[in-house]
Amino acid sequence: MRIQISTGSSSPIYRQIANQTRYAVATGRLAVGDPLPSVRALAAELVLNANTVAKAYSALVRDGVLESQQGRGYFVAAQREIYTRRERQRRLKKIMDPFLAEALTLGFDADQIQAEVQKQLGKLVRSGQ
Amino acid sequence: MMNPIIQTKRLTRYFDRQAVVRDLDLSVPPGQVTALLGLNGAGKTTTIRIIMGLLRPTRGSCQIFGKDSSELSPDDRMRIGYMVEGHFLYSRMSVRECARFQGAGYSRWNDTQFDRIVKHFGISQSTRVGHLSRGQRAGVSLALVLAPDPELLVLDDPALGLDPVSRRALNETLVEFAADGQRTVLLSSHLLDDVERIADRVMLMIDGRLQVDTTLDDFRRRVAGFAVEVDVVDSDRVAAIPGLIEARRLGPRLHLTVADADEETSAAIERLQATAVEPIELPFSDSVLAWLSRSRNQHSFLGRHHAGEST
Amino acid sequence: MNAIFRKELKDILRWTRLGMIVIGLLCWNQVPDDFMAFYYAFPRYLRQMSVIGSGVFALVLGLLQSMFDLRTDARTFLLHRPISSSDIFRGKLAAGFVAHLLGWGIPMLLVVIYLESIGPEKLPVTWSDALLPALCCLVSFLFHPAAMWMACREARWIGTRCLPLVLAFVAVSTSDLIAQRPFREWGILISIAIVVVTAVVTVAGARHAFTRQTCLPFGESREAWSWSNSIGLTTASIVTFVVVAIFLLGYSNLFRQVGQTSERRLAVAIDGHVWELERTRYPSPVLGVAPTQPSLAGQNLTNQSDGNNRFEDVGQEWRGRPLDVLPAPRWFPPELIERFREFSSTASTKDHSLSLYERNGHLYLYSQYTGWRGTVTPRGIFTPTETPQGRFNNAIALEHCARHTLARGKRIGGQRIFADDSGIYQLDIDE
């Protein structure tokens, strides 16, 4: 997995790392139990302050995406339900609202949007297997 | 916060009746990378020189390692690595002679470290400094400064005039140096992207005064952006928004940059009677620019266009 | 400090080569190669020229070593290292001293070799003639710390900024004065003390300026004061003021009364009578004031009113003095600096003019064209290849009354008559 961060973006760097890692886990590019580079190694590779990487990793640990094993580093954690169903739905709605607003603004109608979503989801699931 | 490594109290310095540094209360905590930002002439280099004991303040005090800056002994100076602005070196010396000359005072001099950094920048040690490129001179400067393994690194505009490859080499070296959290780095820079990468804390100097002194994340959080769609701009109401740093007109929208936004801010924005108010997340460089250009606007004739004039 | 010393020395060695050449040329210009060039200009002109050369060289070195490091980035680069700024200053001073020493030392060494090679055969010179010029060149090194002080000072006008140079001038002038040996013992000691004190103040002032004044806010801090500053600059200001005042007032007025001297000499007339002559001299013309003619008054010692026709007893205290321009200090052992001292001149029977130079009680005869002709002692005149026997004791030259006969137009030359503690001698040279 290759993380690429960009400076001067409206998203803070630690969040970019976290998001890209999340995406990699979600798409299956990182499987459960895969080791992640150590904080210092990733910091050196991306030329970043080690604290930034550490912050990204702790956010991921807090969200249950990664787990930290004493003395051995960070690994992809098994999916655990840490959010309640209500919380998960709230989060989904938060992502969906701007996405739908943007899609409608682009001129797509509801059916087109749904078809597109199906297509992309299918691709995602297939590539993960 | 643990005992700060550098601490100034009401530091003031005049040059010919002009106050270049005013009432500065600055603390640099240990173990972190602190970036000092500011426009040219904001007093950054003067402050750094006073911190290093190479200039005396007109008023106020400055302490480093708990001692007054003007009383630094050679043993204290061994713990500090200072990279001079402009990467000054004696151009007639070869790189190897530079190392020998520099190493003369330090009890801990790591030749391997020096060789490694110099090689990282692609420099051959027998070359004369005068024949090196700007970026390579910076590499030699950096190597000279890191070889004695200092506790505190002070860099005055280290990336000035550097090509992108040398800049990356510089950042890589700094990141590695600061990685273990045992060493402190203070650097002044204009390159906001680099600062975003490597700094833990950011300090903003405007007109010789310290305006901001927080961690990078707090800085981002404290500065909020709003894109406001409004037909008629009421300059007074815009100016009345508390914590307003900058207001720029971009097309049909007014972009507001506000510090420490709270309910009062929202209320003031409401009073603008805008048709739409959209919060925008600002990149780090934009937040810094907003702060810095505000002081420049106050002095320049361009300021009128930005303070909410209707077009 | 060693690293600083080595680096500084390396930096200024390029200029040392230039300095050596310039000082060398100045010295070469003043080194005598025949009697025409010789007379009274040597070694005085050698001393003055070499001191000017080495003084300027020291000044240039001092400026070179300080001005390039006054640029802020150069200064921060030099001073941020873990070597105290005093040590850095000392390193610079030491490097400057070594470079300066090479700059005048090598030409002076060549001068010494040359002097010894002309030896006493061609001209009455020895290596020791270069000793006092060398010492004066050594003192002129003070222009180096003075220049550094001057460069590092925070001063408003170009005038007060140059004050430290005045101190160096004082030291060099004093050393030049000592070299002319006009003083008695206490005069020499005071002069040496002046040179030493000036040197100490100059170096201390330069060190203070280098380490402190370059970083202070202008005119404010307590640290700007130092004892060397107050003593040194005050003295320099006073000296400048006094010198300018004297120059403006016209020093001839001041010295006219002082410069007037009268001399008494013993002279032997052709008829063998011994006279005591008194001669009044006035200083040389300055600012258009012409001297009056020297007058002669005489007292015939042999023709006394009581009719006795013999020499007066001159008494126990009377001591002869060699014919120097100015009297030498009594305690100054002549063996310390073996110099040929100009004694007098004389004429041979064929009216060839010969110069007489005294050294250690021997009188050396020199012809203008052929050099060393012989050595005169009380036992006689020896050729250059023979070893002379006997020595004079405090020889002085006596005037021929005849040379000063008031009958103008009549020049009666004559062989030299002189006296020492044991008698009066007349020199007869057969040519």
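Protein chains in written order, with my numbering: chain E, 5 to 133; chain U, 14 to 324; chain X, -9 to 421. Heads up, the beta-carbon is just placed ideally off N, CA and C, and yes, glycines get one too.
The alpha helix (DSSP H) spanning residue i covers which residue range?
| i | result |
| --- | --- |
| X/Ala85 | Ser75 to Lys112 |
| U/Glu259 | Looking at the DSSP string, U/Glu259 is not in any alpha helix (DSSP H); the run it does join, the beta strand (DSSP E), is Leu257 to Leu263. |
| U/Glu277 | Glu276 to Glu283 |
| X/Ile(-6) | Asn(-8) to Gln20 |
| U/Arg250 | Ser248 to Ala252 |
| U/Leu13 | Since the first residue of chain U shown is 14 and the last is 324, residue 13 of chain U is not available in this structure. |
| X/Gln170 | Leu153 to Gln170 |
| E/Val36 | First-last for E/Val36: undefined, no H or E at that position. |
| E/Met5 | From DSSP, E/Met5 is part of no alpha helix (DSSP H); its letter is neither H nor E. |
Please list, in chain order, all residues of the same chain as residue i whose beta carbon is under 7 Å from its beta carbon, the five residues on each side excluded.
| i | result |
| --- | --- |
| X/Leu326 | Low confidence applies to X/Leu326: its pLDDT is 44, below 50, so where it sits in the model is not reliable, and the reading given next is rough at best. Excluding residues within five positions, none has a Cβ falling inside 7 Å. |
| U/Gly130 | Before going further, note that residue 130 of chain U is Ile rather than Gly in the sequence given. Taken in chain order, the residues that qualify are Gly152, Leu155, Ala156, Leu159 and Thr186. |
| U/Arg62 | Leu68 |
| E/Ala60 | Tyr18, Ile21 and Ala22 |
| U/Thr278 | Ile254, Pro255, Gly256 and Val271 |
| E/Leu34 | Met5, Ala28 and Val80 |
| X/Ala89 | Leu(-1), Ile2, Leu3, Thr6 and Leu51 |
| U/Asp247 | Leu285 |
| E/Ser1 | Residue 1 of chain E is absent from the model: chain E starts at 5 and stops at 133. |
Out of curiosity, what's the CA-to-CA distance linking residue i and residue j?
| i | j | result |
| --- | --- | --- |
| X/Gly95 | U/Ala192 | 57 Å |
| X/Val160 | X/Thr116 | 29 Å |
| X/Phe408 | X/Ala196 | 54 Å |
| X/Ile78 | X/Ile(-6) | 6 Å |
| X/Arg369 | X/Gly380 | 6 Å |
| U/Asp231 | U/Thr197 | 20 Å |
| E/Arg92 | E/Lys98 | 10 Å |
| X/Thr66 | E/Ser13 | 37 Å |
| X/Val304 | X/Ile414 | Because the pLDDT at X/Val304 is just 47, under 50, the model does not fix this residue reliably, and the point stays unresolved. |
| X/Glu376 | X/Tyr347 | 18 Å |
| U/Leu263 | U/Val243 | 12 Å |
| U/Thr140 | U/Ser120 | 26 Å |
| X/Arg309 | X/Val185 | For X/Arg309, the predicted model reports a pLDDT of 45, less than 50, meaning its position is unreliable; a value from the coordinates is still stated below. Straight-line Cα distance between these residues: approximately 33 Å. |
| U/Arg150 | X/Met98 | 44 Å |
| X/Ala84 | E/Leu46 | 52 Å |
| X/Thr150 | X/Leu105 | 43 Å |
| X/Met39 | X/Ile11 | 14 Å |
| X/Pro284 | X/Glu144 | Caution applies to X/Pro284, whose pLDDT of 47 falls short of 50 and renders its modelled position unreliable; the value that the coordinates give is listed next. Rounded to whole angstroms, X/Pro284 to X/Glu144 spans 54 Å at the Cα level. |
Between which two residues does the beta strand (DSSP E) carrying residue i extend?
| i | result |
| --- | --- |
| E/Val80 | Gly77 to Val80 |
| E/Gln20 | Looking at the DSSP string, E/Gln20 is not in any beta strand (DSSP E); the run it does join, the alpha helix (DSSP H), is Ile17 to Ala30. |
| U/Arg266 | Arg266 to Ala272 |
| X/Trp362 | Gly361 to Thr367 |
| U/Gln1 | Chain U is shown from 14 up to 324; residue 1 of chain U falls before or after that span and cannot be answered. |
| U/Asp36 | Gln31 to Leu37 |
| U/Asp162 | No beta strand (DSSP E) contains U/Asp162, which DSSP labels as neither H nor E. |
Give me, in chain order, the residues of the same chain whose beta-carbon lies closer than 6 Å to that of residue i; leave out the 5 immediate sequence neighbours on both sides.
| i | result |
| --- | --- |
| E/Ala82 | Val36 |
| X/Phe133 | Gly45, Ala48, Leu49 and Ala158 |
| U/Val208 | Ala48 and Ser202 |
| U/Ser300 | Val236 |
| X/Lys82 | Glu(-2) and Gln55 |
| U/Ala280 | none |
| X/Thr365 | His352, Tyr354, Phe372 and Pro378 |
Assuming residue i and residue j are in contact, meaning their beta carbons sit under 8 Å apart, how far apart are those beta carbons, in whole angstroms?
| i | j | result |
| --- | --- | --- |
| U/Val167 | U/Tyr103 | Incorrect: roughly 20 Å between the Cβ atoms, too far for contact. |
| U/Asp36 | U/Arg222 | 7 Å |
| U/Ser179 | U/Phe127 | With 8 Å as the limit, U/Ser179 and U/Phe127 do not qualify as a contact, their Cβ atoms being about 17 Å apart. |
| U/Ile219 | U/Leu295 | U/Ile219 to U/Leu295, Cβ: 18 Å. No contact. |
| X/Ala498 | U/Phe101 | The requested residue 498 of chain X is not part of the displayed model; chain X covers only -9 to 421. |
| X/Ser218 | X/Ala194 | 4 Å |
| U/Leu204 | U/Ala172 | 5 Å |
| E/Leu52 | E/Thr25 | E/Leu52 to E/Thr25, Cβ: 14 Å. No contact. |
| X/Glu111 | X/Pro374 | 7 Å |
| X/Ala169 | X/Cys127 | Actually they do not touch by this definition, with Cβ atoms about 11 Å apart. |
Here's a check: name, in chain order, each residue in its chain whose Cβ is nearer than 8 Å to the Cβ of residue i, leaving out the five neighbours to either side.
| i | result |
| --- | --- |
| X/Phe58 | Ala64 |
| E/Ser15 | Asn23 |
Review point. Relative to chain A, which residues along the region 32 to 61 of chain E have a C-beta separation below 9 Å, given in chain order?
Key: Reference to chain A is not applicable here, since the protein chains of this structure are E, U and X.
Point to revise | Any beta strand (DSSP E) of 3 or more consecutive residues that is wholly inside the region 50 to 124 of chain E | key: Listed in chain order, they are 70 to 73 and 77 to 80.
Check your understanding: Taking only runs of the alpha helix (DSSP H) that begin and end inside the region 34 to 65 of chain X, which ones reach a length of at least 4 residues, in chain order?
Key -> 34 to 57, all fully within the region 34 to 65 of chain X.
Exercise for review: Run through the region 63 to 142 of chain U for me and flag every whole alpha helix (DSSP H) of 4 or more residues, listed as ranges in chain order.
Suggested key: Here the runs fully enclosed are 87 to 90, 108 to 116 and 124 to 133.
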